[in-house]
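Chemist: In the order they appear, the protein sequences are chains A and B. The first sequence maps to residues 48 to 200 in our numbering. The second sequence maps to residues 419 to 1246 in our numbering. Quick reminder that beta carbons are idealized off the backbone N, C-alpha and C, glycines included.
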Amino acid sequence: MGERLSITVNGRGYEREVEPRLLLVHLLRDELGLTGTHVGCDTSTCGACTVRLDGLTVKSCTVLALQAEGCEVQTIEGLAQDGELHPLQRAFHEHHALQCGYCTPGMIIAATDILERHPDPTDEEIRKGLEGNLCRCTGYHNIVIAVKAAARG
Amino acid sequence: MGETWFLPCSHMSKREGEQFEGFQGESPQLPEAEVGVPQGKGIGTSTLRKEDAELIAGQGRYVDDIRLPGMLYLAFVRSPVAHANLGAIDAARAREIPGVVAVFTAEDLHFEAGVPCGSNPTGDARQPTRWPLARERVRMVGEPVAVVAAETRGAAADGAAAVEVDYDQLPVVVGSEEAVREGAPQLHEEAPGNLCCSIRYATDGFDEAVAGAEVVVRQRVINQRLTPVAIEPRGVVAQFQPSTGEVTLFTSTQVPHFVKTFVSVVIGTSEAKVRVIAPDVGGGFGSKLNTYAEEYVAVAASKALGGTPVKWTETRQENMLATIHGRDQVQDAELYATGEGRIVGLRLNVLANMGAYLQLLGPTIPHLTLFMATGVYDIPNYTCRIDCVFTNTTPTDAYRGAGRPEATHVIERLVDVLARRLDLDPVEIRRRNFIREFPATSPTGLLYDSGDYDKTLDRALELVGYDELRRDQAKAREQGKLVGVGLSTYVEVCGLAPSSVTKAIGVGAPGWESSTVRVHPTGKVTVVTGTSPHGQGHATSWSQIVETELGIPFDDVEVIHGDTAFAPYGLGTYGSRSLAVGGTALYHSLRKVKEKARKIVAHQLEIDPDDLEFEGGRFHAKGSPERGMTMAEVIGAAWSADNLPEGVEPGLEETTFFDPPNFTFPFGCHVCVTEVDRETGKVEISRYLAVDDCGRVINPMIVDGQVHGGVAQSIGQALFEETVYDEDGQCLTASLVDYMIPTAVEIPQIETERTETPTPTNPLGVKGIGEAGTIAATAAVVNSVCDALDVDHLDMPLQPERLWRVLQGLGEKPVEAGPLETKGGGTS
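Put into structure tokens, the structure is as follows:
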């Protein structure tokens, strides 16, 4: 029925048999129970499904699970290390950079990539970097402040 | 035809043309809560949110995260056409698809009633029944016709695609103006002329009173249709236990208790057996202040499947077709004034597009526009007519601001046009018309509780450096730059709502709110609230109120919401009401706990209750602080109950149902500075300042966040967003590629400032802030761009193409920019 898939998510290996058309986001959410990655659209516009795939920031609603064969995936659940929040997670909390929280996992994952490319980003670099992540609650104001604060560690 | 709908199903007496006569007595002067200096994590502190921990770690629990054993996935078959008689539905091929378990149409699922509407502003509004699955006729693209249950998402989608439906197409009408024209296609037999209702209001002798006006400003203003786009689409997980008739329904909603009441009625099972849970909800903005066909179909499908749980997760395209839209008013307004700019009268006619059916509050939304169109101004003469009409489009209902953005936008635009006509500065024209005596009775009979419109205007002008701004603008204009400065001085009606008023304006639901405070033996506290937050941080704000009022620390408080199995009946979260009504219910429950505790301490210390003082969570005898008891000791005494005063029961738990005596009226002044690129017509917002007065502030950080979000949505409406239908009723903006909500690039940093004018309406003195941004900001942005282009009026959205067209016309007399033809024929 399905194809064999082996994949590593947040450092743990998984073996699954999947339908060829299964999306990576649904593999994560429905098959592996990692529901922190969210679906907010059907045109790869909103960014709520953003994850890291072999270091790349991708929208997992537009990646087939089988395309991630043998890859390393990092989701929001894998950001904190041994109980210590990632600086971005802490900064989002300390600067009220989330309200309903639905866009937050994708927003934080996208921000990890921004900080790797811009260790000390300007507001414009942060806003440009987050152009692929929609939020309807915060008006982005505190998100920009939080990402900047996280850059300063 | 389903009988007229009112919550909670008590039949309202029919009454003809009875108008809301407004408040008779004074708004009561309630005792002011102690306005202490903010300390610890109490009232007034920007305490970080306790809601964040799970959300930043991906541990949130939204509806689509929930999976029950044996659960099937649902996919809906939806009408691809906007108006048709429903022919045969052939599900044979669908049923053969591997993984498909069942296909249900209207014949297969029984409903006791249609999707409810709790709004009848005139008492005679046409409320055509809308069955959860279409019968005989479909009236909008996206209307559910059948539902497929399958083992996987993919199989459900394949099944839905394989169902064949015959649509015998009928003529379509999309725009509200076309809908009321002679010979327009008729949607509902019971609504001749596609008219739902005509709401009328007029002060006495309007025509005579305005006859002498030296200046009359006439302007058509389009408040375009919008799509709310909460980032979490809707979704349900439903289970119907056939053996017991029990229903468990997880749904992404702002009103779990309303859903519970209606599920019991529409499905036909005892309300005592229905449990509705709003888990984490990913934003609502009014779009989830409703009950939807899919909720009832999911419960009915689970019942038909013998109790198998089912899950439906809305796709974004479904969301943009089947979840309510907002706004969509065509407004014709006339402002009558003296030569010095003193406004004497306002006439407002509105065509409000209801869409194909009425959802929960349809006509009530433009009704709120009627109430607030005179804004912050002392306008003695006012007449307003609102015609609510049906069209072959998605139903419109409450979207953040819900009728009040449309009111503020039209009056703030008209006042600017009047200022241009009289060559007055926009600040000066406003000063000449502000309401200055409070409480103030509006021409529509509302009692503005408190306000000081000069205060927020002055503060905004001071912060933004208005005079210098105008000088910079003059210099920039000399260099050929198109720079504009726009103002919006707004007032909103919030804290919905006094129950006598909701009934008088034909809303089926009352306006009170509930809260239970339960002190546990170990001194911790559980607050149960009837509000249903979905991003507003109620758990944090309510915990702050407990710390200040009861002295039990913020971190020892848990707040439960959204689960009808725990909470006393609550009316949910919308209309900027949660703090003003739900927070006050909490305040009263805390007061009752304190009064009971005072009796227990007095009894145990053998002194008179009046000789006790309460400070930092501890009672002590006046003059001898060492003789006292902490709340922890009080609950111990109440629990062990071995030495309680006469008539005092064991335990420490209080519940309150609070019905507010009046609305609250937050107000403020927003200033927007824009520059328009001459070549491309693109608008750049170089500065945005919001000065808001929402009465007393519980958590400044959360209030700022609400303003940021509301202003961003308004900038979206002013510059980018528009829901567009073609003449066949196809929605051309049914995806996030075609409907642009602003990203981080389009929204500027938003400066916020506040003044605090407490309200006498509730002891906390709070007014509510959730919708200030969407109510104030469209006018500030559009006023600014009209100033930049030096034109009387422009209709939203001010997309580059639209401004480029105006710029080509620059030099001729100011272009009266009526509704411009956008490709595809928008609804304007």
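DSSP three-state label for PRO1043/B, please.
Modeler: Here residue 1043/B refers to the residue found at position 625 when the second sequence is read from its first residue. Note: PRO1043/B maps to strand in three-state DSSP.
Chemist: Smallest Cα separation from THR811/B: which of VAL592/B, PRO861/B, THR687/B?
Modeler: On the second sequence, position 393 is the one that residue 811/B refers to. Out of VAL592/B, PRO861/B, THR687/B, VAL592/B has the C-alpha closest to the C-alpha of THR811/B.
Chemist: Return no unless some Cβ of chain B is closer than 8 Å to the Cβ of ALA95/A.
Modeler: Working through the first sequence from its first residue, we reach residue 95/A at position 48. True, the Cβ-Cβ gap to chain B drops below 8 Å.
Chemist: Could you spell out where the beta strand (DSSP E) holding VAL583/B opens and where it closes?
Modeler: Residue 583/B sits at position 165 when you count from the first residue of the second sequence. It spans 582-587 - the beta strand (DSSP E) in which VAL583/B sits, taken as one unbroken run.
Chemist: So, at 8 Å on beta carbons, what are the nonlocal neighbours of PRO1078/B in its own chain, with the 5 sequence-adjacent residues on each side left out?
Modeler: For the purposes of this step, residue 1078/B is taken as the residue at position 660 of the second sequence. GLY913, ALA915, PRO916, GLY929, TRP930, ALA998, VAL999, THR1002, THR1179, ASN1180.
Chemist: Would you say GLY956/B lies against chain A (beta-carbon separation less than 8 Å)?
Modeler: Numbered from its first residue, the second sequence carries residue 956/B at position 538. The identity of residue 956/B in the sequence shown is His, whereas the question assumes Gly. Taking Cβ atoms only, chain A never reaches closer than 8 Å to HIS956/B, which makes this a no.
Chemist: Which value, in whole angstroms, describes the spacing of the CA atoms of GLU1164/B and SER688/B?
Modeler: Residue numbering aside, residue 1164/B sits at position 746 when the second sequence is read from its first letter. Residue numbering aside, residue 688/B sits at position 270 when the second sequence is read from its first letter. Approximately 50 Å between the Cα atoms of the pair.
Chemist: In three-state terms, what does DSSP make of ASP1144/B?
Modeler: In the second sequence, residue 1144/B corresponds to position 726, counting from 1. Of the three classes helix, strand and coil, the one that applies to ASP1144/B here is coil, per DSSP.
Chemist: Could you tell me if VAL455/B is buried or exposed, where buried requires 16 or more neighbouring beta carbons within 10 angstroms of its beta carbon?
Modeler: Numbered from 1 along the second sequence, position 37 holds the residue referred to as residue 455/B. Flag for VAL455/B reads exposed.
Chemist: On the criterion of 16 or more Cβ atoms from any shown chain inside 10 Å, does GLU967/B qualify as buried, or is it exposed?
Modeler: As a first step, residue 967/B must be located in the second sequence, where it is residue number 549. It is buried - the Cβ of GLU967/B has at least 16 other Cβ atoms within 10 Å.
Chemist: Consult DSSP for LEU111/A and reduce its assignment to one of helix, strand or coil.
Modeler: As a position in the first sequence, residue 111/A is number 64, starting the count at 1. Strand.
Chemist: Report the residue from LEU842/B, ALA520/B, ARG849/B, LEU1008/B whose alpha carbon sits nearest the alpha carbon of ALA722/B.
Modeler: Along the second sequence, one-based indexing puts residue 722/B at 304. The shortest C-alpha separation from ALA722/B is found at ALA520/B.
Chemist: With respect to the beta strand (DSSP E) encompassing VAL768/B, which residues constitute its N-terminal and C-terminal limits?
Modeler: In the second sequence, counting from the first residue as 1, residue 768/B sits at position 350. Unbroken beta strand (DSSP E) run through VAL768/B: 761-773.
Chemist: Going along chain B, which residues have a C-beta under 7 Å from THR104/A?
Modeler: As a position in the first sequence, residue 104/A is number 57, starting the count at 1. In chain order: nothing, as chain B lies at least about 15 Å away.
Chemist: Below 8 Å on the Cβ atoms is my guess for ASP1205/B versus VAL903/B; work out the distance and round it to an integer in Å.
Modeler: Locating residue 1205/B in the second sequence gives position 787, where the first residue counts as 1. Locating residue 903/B in the second sequence gives position 485, where the first residue counts as 1. Correct: roughly 6 Å between the Cβ atoms.
Chemist: For chain A, find out if any of its Cβ atoms is closer than 8 Å to the Cβ of SER445/B; answer yes or no.
Modeler: One-based indexing of the second sequence puts residue 445/B at position 27. Low local confidence applies: a pLDDT of 46 at SER445/B is under 50, so the model's placement there is unreliable, and no value is given.
Chemist: Do the region 571-586 of chain B and the region 489-502 of chain B touch if we need at least three Cβ pairs shorter than 8 Å?
Modeler: The region 571-586 of chain B vs the region 489-502 of chain B: in contact.
Chemist: Assuming contact is defined by CB atoms lying nearer than 8 Å, are VAL481/B and PRO697/B in contact in what I supplied?
Modeler: Residue 481/B sits at position 63 when you count from the first residue of the second sequence. Residue 697/B sits at position 279 when you count from the first residue of the second sequence. Yes, these two residues count as a Cβ contact at 8 Å.
Chemist: Can you tell me which of ALA531/B, THR940/B, ASP843/B, PRO823/B puts its alpha carbon nearest to the alpha carbon of GLY642/B?
Modeler: One-based indexing of the second sequence puts residue 642/B at position 224. The residue you asked about is not Gly; residue 642/B is Gln in the sequence shown. Out of ALA531/B, THR940/B, ASP843/B, PRO823/B, PRO823/B has the C-alpha closest to the C-alpha of GLN642/B.
Chemist: Taking GLN637/B as the reference, give the member of THR947/B, LEU764/B, GLY780/B, THR1161/B with the closest Cα.
Modeler: On the second sequence, position 219 is the one that residue 637/B refers to. Closest by alpha carbon: LEU764/B.
Chemist: Check whether the Cβ atoms of VAL149/A and ALA1130/B lie closer than 8 Å to each other.
Modeler: On the first sequence, residue 149/A is found 102 positions in, with the first residue counted as 1. On the second sequence, residue 1130/B is found 712 positions in, with the first residue counted as 1. Going by the sequence as given, residue 149/A is Tyr instead of Val. For TYR149/A and ALA1130/B, no; Cβs fall outside 8 Å.
Chemist: How about the region 1195-1209 of chain B and the region 893-907 of chain B: do they share at least three Cβ pairs that are nearer than 8 Å?
Modeler: Judged by Cβ distances under 8 Å, the region 1195-1209 of chain B makes contact with the region 893-907 of chain B, as three or more pairs qualify.
Chemist: Does any C-beta atom of chain A lie closer than 8 Å to the C-beta of GLN962/B?
Modeler: Residue numbering aside, residue 962/B sits at position 544 when the second sequence is read from its first letter. Cβ-Cβ to chain A under 8 Å: no for GLN962/B.
Chemist: For a quick check, are the C-beta atoms of GLY1086/B and ASP1122/B less than 8 Å apart?
Modeler: Within the second sequence, the letter at position 668 stands for residue 1086/B. Within the second sequence, the letter at position 704 stands for residue 1122/B. No, these two residues do not count as a Cβ contact at 8 Å.
Chemist: Let me confirm a value: VAL1155/B is counted as buried when at least 16 other C-beta atoms fall within 10 Å, else exposed. Which label applies?
Modeler: Position 737 of the second sequence holds residue 1155/B. By the 10 Å Cβ count, VAL1155/B comes out exposed.
Chemist: Any idea what DSSP makes of ASN1201/B, helix, strand or coil?
Modeler: As a working mapping, residue 1201/B is identified with position 783 in the second sequence. Looking at ASN1201/B - three-state DSSP - the assignment turns out to be helix.
Chemist: Counting Cβ pairs, one atom from each stretch, are 3 or more of them under 8 Å apart for the region 104-120 of chain A and the region 748-756 of chain B?
Modeler: These segments do not touch.
Chemist: Does the region 502-512 of chain B come into contact with the region 558-572 of chain B, if we say contact requires no fewer than three beta-carbon pairs (one atom in each stretch) closer than 8 Å?
Modeler: Yes, since at least three Cβ pairs between the region 502-512 of chain B and the region 558-572 of chain B fall closer than 8 Å, the two stretches touch.
Chemist: Any idea what DSSP makes of THR422/B, helix, strand or coil?
Modeler: On the second sequence, residue 422/B is found 4 positions in, with the first residue counted as 1. With a pLDDT of only 37 at THR422/B, under the threshold of 50, the placement of this residue in the model should not be trusted; the figure read from the coordinates follows. In this structure, THR422/B counts as coil in the three-state DSSP scheme.
Chemist: Alpha carbon to alpha carbon, what distance is there between PRO166/A and ILE1018/B?
Modeler: Here residue 1018/B is taken as the residue at index 600 of the second sequence, counted from 1. Here residue 166/A is taken as the residue at index 119 of the first sequence, counted from 1. In a straight line, the C-alpha of ILE1018/B is about 60 Å away from that of PRO166/A.
Chemist: Give, in chain order, every unbroken run of the alpha helix (DSSP H) that is at least 4 residues long and sits entirely within the region 925-995 of chain B.
Modeler: With a minimum length of 4 residues, the continuous alpha helix (DSSP H) runs that stay inside the region 925-995 of chain B are 956-968.
Chemist: I'd like to know if ILE161/A contacts chain B, where contact means its C-beta is closer than 8 Å to some C-beta of that chain.
Modeler: Counting from 1 along the first sequence, the entry for residue 161/A is found at position 114. So no, ILE161/A is outside the interface.
Chemist: What in chain A is Cβ-close to TYR817/B, meaning under 9 Å?
Modeler: Numbered from 1 along the second sequence, position 399 holds the residue referred to as residue 817/B. Those do not exist, as TYR817/B stays about 11 Å from chain A at its closest Cβ, beyond 9 Å.
Chemist: By the three-class DSSP mapping on this structure, what secondary structure does PRO697/B have?
Modeler: Within the second sequence, numbered from 1, the residue matching residue 697/B stands at position 279. The answer is coil: DSSP assigns PRO697/B none of H, G, I, E or B.
Chemist: In the DSSP assignment, find the unbroken alpha helix (DSSP H) run with PHE529/B in it and report its ends.
Modeler: Your numbering for residue 529/B matches position 111 in the second sequence. Unbroken run through PHE529/B: none, as it is neither H nor E.
Chemist: If you measure from the beta carbon of GLY1227/B to each beta carbon in chain A, is any gap under 8 Å?
Modeler: Start at 1 with the first residue of the second sequence, and residue 1227/B comes out as number 809. For GLY1227/B, the answer is no, since every Cβ of chain A falls outside 8 Å of its Cβ.
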